[in-house]
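Below: the structure, in structure tokens.
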Amino acid sequence: MYYKAKISLTSTNNIRTFRIFEIDPKTGVRGKQIVKDTAILFVRNDTIIKLPNDTVIKTINDTIVQFGIDTVFNPTVKSYSTQFIVTKLTANKGIEIVVEDEDLMTYSKKLIVKISPKVVTSNVVTIETAEVYKGPYYASWLGGRAYFRHNGATYSNEIDFTLGNIAITGTDTVPAFISGDLRQEKGLLYLPNLRSCKFGLTTMNKLAFDAISNIDASVIKNLPAPTLSAIKIESAKVYVYENDTEKGLIFIGSIAAKTATLEQPNGTWVKRNNNYHELKIITKTAPKN
146 MYYKAKISLT
156 STNNIRTFRI
166 FEIDPKTGVR
176 GKQIVKDTAI
186 LFVRNDTIIK
196 LPNDTVIKTI
206 NDTIVQFGID
216 TVFNPTVKSY
226 STQFIVTKLT
236 ANKGIEIVVE
246 DEDLMTYSKK
256 LIVKISPKVV
266 TSNVVTIETA
276 EVYKGPYYAS
286 WLGGRAYFRH
296 NGATYSNEID
306 FTLGNIAITG
316 TDTVPAFISG
326 DLRQEKGLLY
336 LPNLRSCKFG
346 LTTMNKLAFD
356 AISNIDASVI
366 KNLPAPTLSA
376 IKIESAKVYV
386 YENDTEKGLI
396 FIGSIAAKTA
406 TLEQPNGTWV
416 KRNNNYHELK
426 IITKTAPKN
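Take the numbering used here: the final residue in the sequence shown is number 434, and no numbers are missing along the way.
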């Protein structure tokens with residue numbers, strides 16, 4: 146997938162230099178300059194043909210021409226036109242056009258190419274199995290969010306799954322993913338009307354998780370439908386989850402036992418050793434619609 150930007154410049158003071166830089170698509174911060182040696186692109190009949198260096202090309206009648214991305218004009222020119230092709234669009238990308246006129250004044254314009262991802266990858270999110278500092282209610286939107294009851298109630302429709310320390314087999318409690326609609330039944334603090342969610346453990350590792358592209362949801366969608374309403378959480382594992390609006394993966398980056406005085410469903414507060422867990426997770430989600 147690529148995007149062709151047609152660039153036309155006109156200056157009241159003649160143009161002296163023309164340059165293109167990479168920029169961070171989130172912050173707009175300028176990165177490294179794109180120079181001829183690192184930007185060659187070949188297009189034939191509007192179809193990209195990869196070259197050995199796998200970079201960028203401009204053609205006229207199928208002939209590779211010098212790409213004007215780092216140009217000094219001598220003599221200076223009144224106007225200039227070119228095109229730049231943004232390649233490898235698996236995520237949002239940005240460029241900045243920087244022009245200097247013959248009075249050495251600099252002007253710039255930024256271009257962000259946004260894609261509509263089929264898989265949405267979260268930031269690293271810190272979340273808990275209790276309501277201490279971050280909260281146990283997870284929503285994948287806005288880069289991934291952890292909520293408490295007091296702020297989660299406003300966004301209950303966005304909450305995808307929850308965490309808690311519960312007994313799955315026997316009487317010992319373990320950190321677990323748990324469907325939001327079962328929290329009260331499992332003796333946890335809860336928000337009313339949370340939706341159902343199912344979980345499963347995959348055989349994937351972190352490398353396989355990271356390899357899932359933002360433009361291809363087939364790996365996630367082809368996983369067997371998860372069937373468990375609660376599942377024990379272990380570090381470095383990849384879990385699949387599914388609710389009524391999305392199917393996704395959860396990677397457990399770390400998990401640590403913590404101690405705090407916690408509110409109980411009956412309104413009392415109890416302190417025990419290692420009575421909740423803090424996790425760092427990343428999710429990859431594929432919307433169903």
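Ideal Cβ placement from N, Cα and C applies to all residues, glycine included.
Here the stretch 160-170 lies against the stretch 223-239, with 3 or more beta-carbon pairs under 8 Å apart. Judged by DSSP in its simplified three-state form, residue 314 adopts coil rather than helix or strand.
Taken through DSSP and simplified to helix, strand or coil, residue 225 comes out as strand. Of the other Cβ atoms in all chains shown, 16 or more fall within 10 Å of the Cβ of residue 267; this residue is therefore buried. Rounded to whole angstroms, the separation of the alpha carbons of residue 425 and residue 398 is 5 Å.
A distance of 7 Å or more separates the beta carbons of residue 374 and residue 301. Residue nearest to residue 330 within the set 347, 320, 319 and 312 is 312 (criterion: CA-CA distance). In the three-state reduction of the DSSP assignment, residue 430 falls in the strand class, which pools E and B.
With respect to the 7 Å criterion, residue 282 and residue 292 are classified as neighbours on the basis of their beta carbons. In this structure the stretch 232-251 lies against the stretch 168-178, because at least three pairs of beta carbons, one per stretch, are closer than 8 Å. Counting C-beta pairs with one atom in each stretch, the stretch 338-354 and the stretch 373-387 have three or more that are closer than 8 Å, which means they touch. Burial is judged here by how many other beta carbons sit within 10 angstroms of a residue's own beta carbon; residue 412 has fewer than 16 and is exposed. Looking at 270, 151, 274 and 429, the one whose alpha-carbon comes closest to that of residue 421 is 274. The Cβ-Cβ distance between residue 344 and residue 369 does not fall below 7 Å. Taking a contact as a CB-CB distance under 8 Å, the pair residue 406 and residue 414 counts as one, their CB atoms being some 5 Å apart. If you draw a straight line from the Cα of residue 296 to the Cα of residue 169, it comes to about 31 Å.
Counting only runs of 4 or more residues that sit fully inside the stretch 295-374, the alpha helix (DSSP H) segments are 351-355 and 363-366, in chain order.
By the C-beta density criterion, residue 428 is buried, having at least 16 other C-beta atoms within 10 angstroms. Assigned with DSSP and collapsed to three states, residue 405 falls in strand. Residue range 148-168 is occupied by the beta strand (DSSP E) that includes residue 158.
The closest CA to that of residue 364, considering only 341, 392, 308 and 217, is found on 392.
Shown here, residue 253 sits in a strand according to DSSP, grouped into three states. A residue is called buried once 16 or more other Cβ atoms fall within 10 Å of its Cβ, and residue 410, having fewer, is exposed. Put simply, of 408, 228 and 388 the residue whose alpha carbon is nearest the alpha carbon of residue 334 is 408. Annotated three-state conformation of residue 245 is strand, per DSSP. Within the same chain, Cβ atoms closer than 7 Å to the Cβ of residue 303 are found at 284 and 286, the five residues on either side in sequence being excluded. A distance below 7 Å between beta-carbons, with the five flanking residues on each side excluded, links residue 340 to the following residues of its chain, in chain order: 325, 326, 388 and 389. With a beta-carbon spacing of about 19 Å, residue 264 and residue 147 fall beyond the 8 Å limit used to define contacts.
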